[in-house]
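Read the structure below first, then the notes.
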Amino acid sequence: MAQLQKIRLHPTFWLLVVISVWTGHFLEIITLCILVLIHELGHIVAAWSYGWRIQSIELLPIGGVAKTDEWGTVPAKEEIVVALAGPFHHVWMVLFSLLAFRLGWWSEEWTTYFIQGNLFLALFNLVPIYPLDGGRVLQAALSYVVPYHLCIRLTYWTSILFSIGLIGWGFFTSFPLFTIALFLLMTNIKHLRAHHLQYLRFLLHRHHHGISHDVPIHRVQIQQVTTTSILHSWYKECYHVFELTDRKGNSLGFIPEERLLKRYFEDGDLSKIQDLVS
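For reference, each letter of the sequence shown is one residue, going 13 to 290 in the numbering used here.
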């Protein structure tokens with residue numbers, strides 16, 4: 013089993029701690045810390061079950077971010093399961109709190125707070141903002157239906173729009189929420205500007221490791237051969253066979269994806285690939 017090397021708290025977490033001490037809600041913030049940690053352990057256990065390598069965990073007041081090399085390179089099904097494992101753990105915690113109340117271990121007031129905390133963390137993390145769980149599920153789901161380059165950009169643009177909405181909500185309701193939403197907005201703007209690096213990493217992984225799970229074959233017809241037109245047509249959950257055609261649409265032959273990737277990473281240019289046709 014892979015080992016977790018580091019757990020750190022995001023600055024917004026410390027801000028929430030200071031506010032809780034100032035307002036006399038220290039016990040509540042300790043409970044929140046425990047809930048967030050259990051939430052993140054749900055991700056870790058699911059990730060380890062697939063053999064993922066988790067380098068570190070950064071905890072925020074509303075969840076955590078696992079640093080791993082697997083996001084974007086493993087099957088989308090695994091990404092969805094790992095992303096949903098965190099919110100799922102809040103289900104059994106709510107059930108446990110109801111049992112504790114029924115047995116007389118917990119007061120009604122404490123049980124209500126515990127349930128509300130779990131529901132807030134679960135629902136907030138399902139908002140489609142990357143890198144929250146909902147954002148990761150969105151990206152994995154989109155990878156089934158649109159080319160992966162477009163999938164990445166759509167994920168970040170959606171995340172930016174929802175982050176702006178949360179900033180407006182937090183401005184009028186909660187300063188910690190406003191701070192977290194602002195952090196999420198800046199994070200997604202940064203990711204959007206560097207989205208080509210994430211896509212290049214995906215292609216590089218496909219070049220070195222191929223595709224290890226059963227996926228449908230996607231045939232792509234290309235007439236005007238440019239590096240961009242070829243690379244941006246790639247689906248994450250498909251194996252690609254490119255059909256080169258002339259201007260009349262007549263087939264000139266087929267090129268499997270591994271040949272194109274080999275040519276791209278060796279020469280950096282796909283404008284002259286006729287010699288790869290089989």
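Here a beta-carbon is modelled for each residue, glycine too, at the ideal position from N, C-alpha and C.
Hey, could you find the ends of the beta strand (DSSP E) residue i is sitting in?
i, result
"threonine 257", "251 to 257"
"histidine 230", "229 to 234"
Quick one: Cα of residue i to Cα of residue j, how far?
i, j, result
"methionine 13", "glutamine 67", "Summary for methionine 13: the model assigns pLDDT 45, below 50, so the residue's position carries little reliability; its value from the coordinates is reported in the next sentence. If I take the Cα positions, the gap works out to 12 Å."
"phenylalanine 136", "histidine 220", "37 Å"
"threonine 85", "aspartate 226", "14 Å"
"phenylalanine 108", "aspartate 279", "59 Å"
"aspartate 145", "histidine 252", "29 Å"
"leucine 21", "arginine 205", "26 Å"
"isoleucine 267", "lysine 260", "19 Å"
"glutamate 120", "proline 87", "43 Å"
"threonine 124", "alanine 134", "15 Å"
"valine 158", "glutamine 151", "10 Å"
"tryptophan 12", "threonine 240", "The shown model of the chain, from 13 to 290, leaves out residue 12, and the question about it has no answer."
"isoleucine 201", "glutamate 40", "33 Å"
"arginine 231", "phenylalanine 195", "40 Å"
"leucine 272", "valine 149", "29 Å"
"leucine 138", "isoleucine 234", "38 Å"
"phenylalanine 100", "glutamate 255", "44 Å"
"aspartate 258", "glutamate 82", "39 Å"
Excluding the five sequence neighbours on either side, which residues of its own chain have a C-beta within less than 6 Å of the C-beta of residue i, listed in chain order?
i, result
"histidine 161", "Tyr211, His244"
"alanine 97", "Gly54, His55, Ala58"
"tyrosine 62", "Glu90"
"alanine 193", "Ser175, Leu178, Ile179, Gly182"
"valine 48", "Leu71"
"isoleucine 50", "His101"
Residues in its own chain within less than 7 Å of residue i by CB, not counting five upstream and five downstream?
i, result
"leucine 154", "Cys163, Leu166, Thr167"
"phenylalanine 113", "Glu120, Thr123"
"phenylalanine 38", "Ser32"
"serine 263", "Glu255, Thr257"
Per the DSSP calculation, residue i is bridged to which residue(s)?
i, result
"arginine 20", "Glu70"
"glycine 265", "Leu256"
Taking the continuous alpha helix (DSSP H) assigned at residue i, which residues delimit it?
i, result
"leucine 178", "160 to 185"
"alanine 206", "From DSSP, alanine 206 is part of no alpha helix (DSSP H); its letter is neither H nor E."
"aspartate 226", "Aspartate 226 -> no alpha helix (DSSP H), and no H or E assigned at all."
"leucine 144", "Premise fails: leucine 144 is in no alpha helix (DSSP H) and is neither H nor E."
Which residues in the same chain have their Cβ closer than 8 Å to the Cβ of residue i, if we skip the five residues on either side of it in sequence?
i, result
"glycine 180", "none"
Examine chain C for any beta-carbon lying closer than 8 Å to the beta-carbon of residue i, and answer yes or no.
i, result
"leucine 47", "In the structure shown, chain C cannot be found, because there is only a single protein chain."
Quiz item: Considering only residues of the stretch 57 to 138, which uninterrupted alpha helix (DSSP H) runs meet the minimum length of 4 residues and lie entirely inside it, listed in chain order?
Solution: 88 to 114, 120 to 137
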